[in-house]
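Taking our numbering as reference, the numbering of the sequence shown is continuous, increasing by one, and the terminal residue is 57.
Yeah, the Cβ is synthetic: ideal placement off N, Cα and C, and Gly gets one too.
Notes follow the structure.
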Amino acid sequence: MRFVTKTRIDYLQTLLRFIEDEDKQKEALHILDSITRDINENYAEIEKPIRLYEK
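This is how it looks when you write it as structure tokens:
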């Protein structure tokens, strides 16, 4: 994950902790965690070398 993306996710997580409704906070943090996992998985796919075969 790019540093800039990580920084924004960390800041968003900090902001979400200020949500007073505990259920809403847990839901928001769960969604953020899910988005973070998706980013990490997709970024890992991008980092894999792509082999091009000439025909």
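Return the CA-CA distance between residue i and residue j, expressed in angstroms with no decimal places.
{"i": "Arg4", "j": "Glu22", "result": "30 Å"}
{"i": "Leu31", "j": "Arg10", "result": "14 Å"}
{"i": "Leu14", "j": "Asp35", "result": "11 Å"}
{"i": "Thr16", "j": "Asp25", "result": "16 Å"}
{"i": "Thr38", "j": "Asn44", "result": "10 Å"}
{"i": "Leu18", "j": "Gln27", "result": "6 Å"}
Check the Cβ-Cβ distances between residue i and every residue of chain D, and say whether any is below 7 Å.
{"i": "Leu31", "result": "Checking the listed chains, one finds no chain D in this structure; it contains a single protein chain."}
Which stretch, first to last residue, makes up the alpha helix (DSSP H) that contains residue i?
{"i": "Arg10", "result": "Phe5 to Leu18"}
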